[in-house]
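Note sheet for the following structure.
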Amino acid sequence: MENNLERLLDETLNNPGVVGVLCADKQGLCLGVKGTATPESSGIVVALSQQAALLKPAASTAPVICLESDKGNVLVKSHEDTTLVIHKMPVY
Amino acid sequence: MGCCFGRDEDKRTQVESPDERSRLLVDPGRHPSSRPINSEYGSQSPSSLTKGDEQSELNRILHKAANDVIDVSAIDSHTMEQHEYLDRARTYSSRVAVVVTGTKKPSSSLLVLPQGVSVPYTVLADEPVSLADINMINVAAENASKAVKGVKVKHREDLVVQFPQT
Chain A
1 MENNLERLLD ETLNNPGVVG VLCADKQGLC LGVKGTATPE SSGIVVALSQ
51 QAALLKPAAS TAPVICLESD KGNVLVKSHE DTTLVIHKMP VY
Chain B
1 MGCCFGRDED KRTQVESPDE RSRLLVDPGR HPSSRPINSE YGSQSPSSLT
51 KGDEQSELNR ILHKAANDVI DVSAIDSHTM EQHEYLDRAR TYSSRVAVVV
101 TGTKKPSSSL LVLPQGVSVP YTVLADEPVS LADINMINVA AENASKAVKG
151 VKVKHREDLV VQFPQT
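Chains as they are written, first to last, in full-length UniProt numbering: chain A, 1 to 92; chain B, 1 to 166.
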């Protein structure tokens, strides 16, 4: 069931600096969301990850995307058919 | 005479018999005394005819030269006054301002981008993404993929629901 996914999202959110987590499938469907992340952004981040993967088509794994701003960093990573997004504030 | 030209020419000018080969113009430097322009004597003689022709020819050359000459100094004498210069500068600057504001309007209306980062220099000057963050997202994504694969739909209720007939 989805308990494993829920637990994983909670564990990820407990990391220092992490304020939001989102998990989506390859079609942009939001599978789980915690913290500051919103389900409406799942389609955008999945599309962004797929576009970024086109930069290196020969690479075996999808790249890690980091959106840097003054409101924290957004890390996006796709693994197989699942995309995970972490919203992380800088820790000083 | 101190002439350095040929002898035939000297002979012809000394003889002073006007014919079809006689020169209408005589160099005044060479013969200053032999043919004065304003001499009253011999007005009916053939030599007076050559003098008149000579005068008209000189006038013609003078007019031609006066028409051909472009007086550059007269053109240059028109210098721009200070107030005229200021007027032109004002006119040009106002026209440039009109052109700049005219092209700015459509470009600003077309380009509507949100202001993503209010202070870009702080973001750019910040530390790069740490390796710990990259490792964290890598591990979490891998675990999430596994967790999503484990999600299975359990059949508990009927998939087809009968709505009550009204």
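All C-beta atoms, glycine included, are put in the ideal place defined by N, C-alpha and C.
Inter-residue CB distance, residue i and residue j (contact presumed, cutoff 8 Å)
i: alanine 24/A; j: threonine 83/A; result: 5 Å
i: asparagine 138/B; j: valine 64/A; result: 7 Å
i: leucine 75/A; j: valine 148/B; result: With a Cβ gap of about 18 Å, leucine 75/A and valine 148/B do not count as contacting.
i: histidine 87/A; j: valine 45/A; result: So it is not a contact: roughly 10 Å between Cβ atoms.
i: alanine 144/B; j: leucine 8/A; result: 6 Å
i: leucine 13/A; j: serine 42/A; result: Contact doesn't hold; Cβ gap of about 16 Å is too wide.
i: histidine 79/A; j: alanine 52/A; result: Actually they are not in contact, since the Cβ atoms of histidine 79/A and alanine 52/A sit about 14 Å apart, beyond 8 Å.
Buried versus exposed call for residue i [16 or more other C-beta atoms within 10 Å across all chains shown]
i: phenylalanine 5/B; result: Its pLDDT being 49, under 50, phenylalanine 5/B is placed unreliably by the model, and the measurement read from it follows with that caveat. Exposed, since its Cβ has fewer than 16 Cβ neighbours within 10 Å.
i: threonine 79/B; result: exposed
i: valine 69/B; result: exposed
i: serine 93/B; result: exposed
i: serine 130/B; result: exposed
i: valine 161/B; result: exposed
i: residue 94/A; result: As displayed, chain A neither begins before 1 nor continues past 92, which places residue 94/A out of reach and without an answer.
i: lysine 34/A; result: buried
i: serine 60/A; result: exposed
Simplified DSSP assignment, three categories, for residue i
i: lysine 64/B; result: helix
i: valine 129/B; result: coil
i: valine 98/B; result: helix
i: asparagine 135/B; result: helix
i: residue 97/A; result: An answer regarding residue 97/A cannot be provided, because it is not within the stretch 1 to 92 covered by chain A.
i: leucine 58/B; result: helix
i: glutamate 2/A; result: coil
i: serine 145/B; result: helix
i: histidine 155/B; result: coil
i: threonine 82/A; result: strand
i: residue 120/A; result: The structure shown has nothing for residue 120/A, since chain A only spans 1 to 92.
i: serine 33/B; result: Its pLDDT being 48, under 50, serine 33/B is placed unreliably by the model, and the measurement read from it follows with that caveat. Residue state, collapsed to three classes: coil.
i: valine 46/A; result: helix
i: aspartate 25/A; result: strand
i: valine 69/B; result: coil
i: valine 119/B; result: coil
Inter-residue spacing [alpha-carbon to alpha-carbon] between residue i and residue j
i: histidine 63/B; j: glutamate 57/B; result: 10 Å
i: methionine 136/B; j: leucine 31/A; result: 19 Å
i: phenylalanine 163/B; j: lysine 154/B; result: 23 Å
i: proline 39/A; j: glycine 28/A; result: 10 Å
i: proline 120/B; j: leucine 67/A; result: 13 Å
i: alanine 47/A; j: valine 100/B; result: 39 Å
i: valine 85/A; j: glutamate 142/B; result: 12 Å
i: lysine 71/A; j: alanine 58/A; result: 33 Å
i: asparagine 15/A; j: leucine 54/A; result: 30 Å
i: isoleucine 61/B; j: lysine 51/B; result: 15 Å
i: residue 167/B; j: glutamate 2/A; result: Nothing can be reported for residue 167/B: it is not among the residues displayed for chain B, which extend from 1 to 166.
i: valine 96/B; j: alanine 89/B; result: 11 Å
i: lysine 56/A; j: threonine 122/B; result: 30 Å
i: isoleucine 134/B; j: glutamate 11/A; result: 16 Å
i: serine 69/A; j: serine 118/B; result: 9 Å
i: serine 39/B; j: asparagine 67/B; result: At serine 39/B, the pLDDT of 45 sits below 50, so the modelled position is not reliable; the number obtained from the coordinates is stated separately. Each residue's Cα considered, the two are about 29 Å apart.
Check: residue i C-beta below 7 Å from any heavy atom of the ligand GTP
i: alanine 52/A; result: Absence of the ligand GTP from the depicted structure is noted, as is the absence of any ligand whatsoever, leaving it without description.
Short CB-CB distance (under 8 Å) between residue i and chain E
i: aspartate 10/A; result: The structure shown has no chain E; the protein chains it does contain are A and B.
Selection of the segment 141-152 of chain B by Cβ proximity to chain A, strictly under 9 Å: Residues Ala141, Glu142, Asn143, Ala144, Ser145, Lys146, Ala147, Val148, Lys149, Gly150, Val151, Lys152.
Residues of the segment 30-49 of chain A with Cβ closer than 9 Å to any Cβ of chain B, in chain order: The segment 30-49 of chain A vs chain B, Cβ under 9 Å: Leu31, Gly32.
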